[in-house]
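Residue numbers (the working numbering), protein chains in the order written: chain U, 1 to 333; chain V, 1 to 258.
We put the beta carbon where it would ideally sit given N, CA and C, even for glycine.
No experiment lies behind these values; they were computed from the predicted model shown.
A quick write-up on the structure given underneath.
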């Protein structure tokens, strides 16, 4: 990273800023500093970076992964894992496109089809995890294959083209010059941030990830909560599938391959604890934006895309390193 | 007045029978010591009282009403609190979050959006509760995992006492504490009794049990084997009841020496 903060030189200022950032925004200060530093660096290196168009481009490119990262934050924050996000996203796009194109239903059914298919897949995940006691890793790994295969079966392995204009608008419309996916993504992020950070539902989510047993002794129905979380996760994957489908004007059964890993990466860079108990949507959005800005900036600088992958991998490890370093210093967790 | 009565409670895990029909009655404001060897069923019995386990047979009544089928949350709402041996704290959350987990006060955000957890109220009440207990924490806004063992226990105790409990079950509350902290826990138990709150104290530290309880129930092999009035018993009798046979003078002397 080009930014070098020296916490030792003004410990009070840095510490206070850290606490304020955590308490007010529920975001780790380090993520904000990294994002800010990246933006400043890119602005200096490329004259195009800091233009309205380019910023909207970054947000548009981040919208799908961003929605998946929201899902990942809820599930990982509760101590779980959803590896089926990318596959469910692909399945949802196919189901939505199938309903809108092959069955000729109105556009609204395309939306319902996408989100519904995702939520059902998530509900199945949740049932298997909470009632059959199969570990989340296994269930969602299985769903990764199941959902991908089902999408290919429904679409017969082909891309479904030609969405009705109503659906197309959700992906390509630009009210006030702002792309629809960006509007939907940011609205979803705001609503879910409120839920995770400020409501009982959100607190229970993190409490389950922190100490499942103590949450149970507090009288909270942990199984029911988990079921809701996985259903929510699937529904959000469905929303991501809809955004992607509408943007590329087709239901592609191979959409979203390995997106779950990118989404998890964004959540972790944003400060979500991989083992649960800590995380915020705003934090994960910063994580997703760090990746988006990095990709966009390296594109502007015409750096080969292979290096982008390396950079993101390095940022992930760096983020968790900073996190662990701080925890070791302060906590006895 | 009987607060809690446990009637013929049985519990088994697979083929292992842990409780074989336990009978215990506890009066309002009474402090009971629950002692017994490892595996006697103390913790299992208490978990059937808090609702973490469902009894296979038998009845549990609280204030004259059956609570046998209730879930842990409903029993907590009636006033049954337990302080667990492992404290059962969410270590990455702060003090107020732990104390109010499952019972957060809510308000409306900007006066319209519902269900916002009222952090300010939570923090004020949590701080007041910690002050009441005479404890000092570095900051109630820090994750409880960053506190010392004794401080963490203060949080667990505060959680059990914040919502006006009628019965507080303590599972080995003094096992991991320093001498001074042990005394403050024992003082706390006496204070609770003075306020009319019943306490069930599970402990291997028999000296503590003798010094603070009104009555001692000895569990042996899943039954309430003996029921001793604390003022009329002594270490030898208690140790004999726990172990069940033979001359226990030597073991009792060892325990007395502490």
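Is there a C-beta anywhere in chain U that falls below 8 Å from the one on residue 171(V)?
Residue numbering aside, residue 171(V) sits at position 171 when the second chain is read from its first letter. Closer than 8 Å: no.
Would you say residue 104(V) faces chain U, with C-beta separation under 8 Å as the test?
Within the second chain, residue 104(V) is the residue found at index 104, counting from 1. Yes, contact with chain U.
If you measure between the beta carbons of residue 72(U) and residue 267(U), is that distance less than 8 Å?
The residue given as residue 72(U) occupies position 72 in the first chain. The residue given as residue 267(U) occupies position 267 in the first chain. Yes, Cβ-Cβ distance for residue 72(U) and residue 267(U) is below 8 Å.
Below 9 Å on C-beta distance, what does residue 89(V) contact in chain U?
As a working mapping, residue 89(V) is identified with position 89 in the second chain. Within chain U, the residues near residue 89(V) are 210, 211 and 214.
Whole-angstrom distance between residue 4(V) and residue 260(U), CA atom to CA atom:
On the first chain, position 260 is the one that residue 260(U) refers to. On the second chain, position 4 is the one that residue 4(V) refers to. Using only the alpha carbons, I get a separation of about 51 Å.
Measure from the C-beta of residue 203(U) to each C-beta in chain V and report whether the shortest distance is under 8 Å.
On the first chain, residue 203(U) is found 203 positions in, with the first residue counted as 1. Taking Cβ atoms only, chain V reaches closer than 8 Å to residue 203(U), which makes this a yes.
Check whether residue 188(U) and residue 239(U) have beta carbons under 8 Å apart
In the first chain, the residue the question calls residue 188(U) occupies position 188. In the first chain, the residue the question calls residue 239(U) occupies position 239. Yes, the Cβ-Cβ distance between residue 188(U) and residue 239(U) is below 8 Å.
Beta-carbon separation (whole angstroms), residue 266(V) vs residue 189(V), contact threshold 8 Å:
In the structure displayed, chain V extends from 1 to 258; residue 266(V) sits before or after that span and is not available.
What are the residues that DSSP puts in a beta bridge with residue 2(V)?
Looking up residue 2(V) in the second chain gives position 2. Paired residues: 27(V).
How is residue 249(U) classed by DSSP in three states: helix, strand or coil?
One-based indexing of the first chain puts residue 249(U) at position 249. Of the three classes helix, strand and coil, the one that applies to residue 249(U) here is coil, per DSSP.
Report the neighbours of residue 68(V) on chain U: residues whose CB is nearer than 7 Å to its CB, in chain order.
On the second chain, position 68 is the one that residue 68(V) refers to. Here the premise fails: no neighbours, minimum Cβ distance about 16 Å.
Using 8 Å for Cβ pairs, my map puts residue 208(V) next to residue 174(V). What's the rounded Cβ distance?
Within the second chain, residue 208(V) is the residue found at index 208, counting from 1. Within the second chain, residue 174(V) is the residue found at index 174, counting from 1. Contact holds; Cβ gap of about 6 Å.
Simplified DSSP assignment, three categories, for residue 104(V):
Position 104 of the second chain holds residue 104(V). If DSSP states are grouped into helix, strand and coil, residue 104(V) belongs with coil.
Endpoints, beta strand (DSSP E) assigned at residue 261(V):
This structure leaves residue 261(V) out entirely; chain V is present only between 1 and 258.
Kindly list the residues whose CB is nearer than 6 Å to the CB of residue 252(U), restricted to its own chain and excluding five residues on each side of it in sequence; keep chain order.
By 1-based counting over the first chain, the position of residue 252(U) is 252. Counting only Cβ-Cβ distances below 6 Å, and skipping sequence neighbours, we find 159.
Is it true that the CB of residue 284(U) sits closer than 8 Å to the CB of residue 82(U)?
What you label residue 82(U) is simply residue 82 of the first chain in a count that begins at 1. What you label residue 284(U) is simply residue 284 of the first chain in a count that begins at 1. Not in contact: residue 82(U) and residue 284(U) (Cβ atoms no closer than 8 Å).
Is there at least one Cβ from chain U nearer than 8 Å to residue 97(V)'s Cβ?
Walking along the second chain from the start, residue 97(V) turns up at place 97. By this cut-off, residue 97(V) is an interface position.
Hey, out of 150(V), 166(V) and 212(V), whose CA is closest to residue 26(V)'s CA?
Within the second chain, numbered from 1, the residue matching residue 26(V) stands at position 26. Of 150(V), 166(V) and 212(V), the residue nearest in Cα terms is 166(V).
State yes or no: is the beta carbon of residue 269(U) nearer than 8 Å to at least one beta carbon in chain V?
Taking the first residue of the first chain as 1, we reach residue 269(U) at position 269. Closer than 8 Å: no.
What does the Cβ neighbour count give for residue 4(U), buried or exposed, with the cut at 16 atoms within 10 Å?
For the purposes of this step, residue 4(U) is identified with residue 4 of the first chain, where counting begins at 1. Caution is warranted here: a pLDDT of 49 is assigned to residue 4(U), below 50, making its placement in the model unreliable, and no coordinate value can be reported.
Option in 101(V), 212(V) and 85(V) with minimal Cα separation from residue 92(V)
Stepping through the second chain from its first residue, residue 92(V) is reached at position 92. Among 101(V), 212(V) and 85(V), the Cα nearest to that of residue 92(V) belongs to 101(V).
Mapping the DSSP letters down to three states, classify residue 319(U) as helix, strand or coil.
Locating residue 319(U) in the first chain gives position 319, where the first residue counts as 1. Residue 319(U) falls in the helix class under three-state DSSP.
Residue 21(V), DSSP secondary structure in three states
Locating residue 21(V) in the second chain gives position 21, counting from the first residue. Three-state DSSP puts residue 21(V) in a strand.
Should residue 187(V) go down as buried or exposed, given a rule of 16 or more other Cβ atoms within 10 Å for buried?
Residue numbering aside, residue 187(V) sits at position 187 when the second chain is read from its first letter. Classification for residue 187(V): exposed.
Going by beta-carbon coordinates alone, are residue 315(V) and residue 67(V) separated by less than 8 Å?
The structure shown does not extend to residue 315(V), since chain V spans only 1 to 258, so no value can be given for it.
Could you tell me whether the Cβ of residue 168(V) comes closer than 8 Å to any Cβ of chain U?
Taking the first residue of the second chain as 1, we reach residue 168(V) at position 168. No, residue 168(V) does not count as interfacial toward chain U.
Exposure of residue 1(U), with buried meaning 16 or more beta-carbon neighbours within 10 Å:
Here residue 1(U) is taken as the residue at index 1 of the first chain, counted from 1. Note that residue 1(U) scores a pLDDT of 40, beneath 50, so its modelled location is shaky; the value from the coordinates is reported in the next line. The residue is exposed, with fewer than 16 neighbouring Cβ atoms inside 10 Å.
Take residue 123(U) as the anchor and find which of 167(U), 236(U) and 306(U) has the nearest alpha-carbon.
Sequence index remark: in the first chain, residue 123(U) carries index 123 (1-based). Ranking 167(U), 236(U) and 306(U) by Cα distance to residue 123(U) puts 236(U) first.
Taking all protein chains shown into account, do 16 or more other C-beta atoms lie within 10 angstroms of the C-beta of residue 129(V), making it buried, or fewer, making it exposed?
Taking the first residue of the second chain as position 1, residue 129(V) is located at position 129. Looking at its Cβ environment, which holds 16 or more other Cβ atoms inside 10 Å, residue 129(V) is buried.
Neighbour flag for residue 49(V) against chain U, beta carbons, 8 Å:
Translated into positions along the second chain, residue 49(V) becomes position 49. Not closer than 8 Å to any Cβ of chain U, the Cβ of residue 49(V) fails to qualify, so no.
Where residue 115(V) falls: helix, strand or coil (DSSP):
In the second chain, the residue the question calls residue 115(V) occupies position 115. If DSSP states are grouped into helix, strand and coil, residue 115(V) belongs with the strands.
Suppose the cutoff is 7 Å on Cβ atoms and the five residues either side in sequence are ignored; what does the same chain contact list for residue 7(U) look like?
As a first step, residue 7(U) is located in the first chain; it is residue number 7 there, counting from the start. Only weak support is given to the placement of residue 7(U): the predicted model assigns it a pLDDT of 49, under 50, and the value that follows is read from those uncertain coordinates. These residues qualify, in order along the chain: 14.
Relative to the alpha-carbon of residue 97(U), which residue among 55(U), 277(U), 162(U) and 61(U) has its alpha-carbon at the smallest distance?
For the purposes of this step, residue 97(U) is taken as the residue at position 97 of the first chain. If we check each option's Cα against that of residue 97(U), 162(U) comes out closest.
Can you name the residues of chain V whose CB is closer than 8 Å to the CB of residue 341(U)?
Look at the range of chain U in this structure, 1 to 333, and you will see that residue 341(U) is not part of it.
Would you tell me roughly how many angstroms separate the C-alpha atoms of residue 141(V) and residue 8(V), rounded to the nearest one?
Locating residue 141(V) in the second chain gives position 141, counting from the first residue. Locating residue 8(V) in the second chain gives position 8, counting from the first residue. Near 45 Å, if we compare the C-alpha coordinates of residue 8(V) and residue 141(V).
Pairwise C-alpha distance: residue 231(U) and residue 239(V):
In the second chain, the residue the question calls residue 239(V) occupies position 239. In the first chain, the residue the question calls residue 231(U) occupies position 231. Distance between the alpha carbons of residue 239(V) and residue 231(U): 54 Å.
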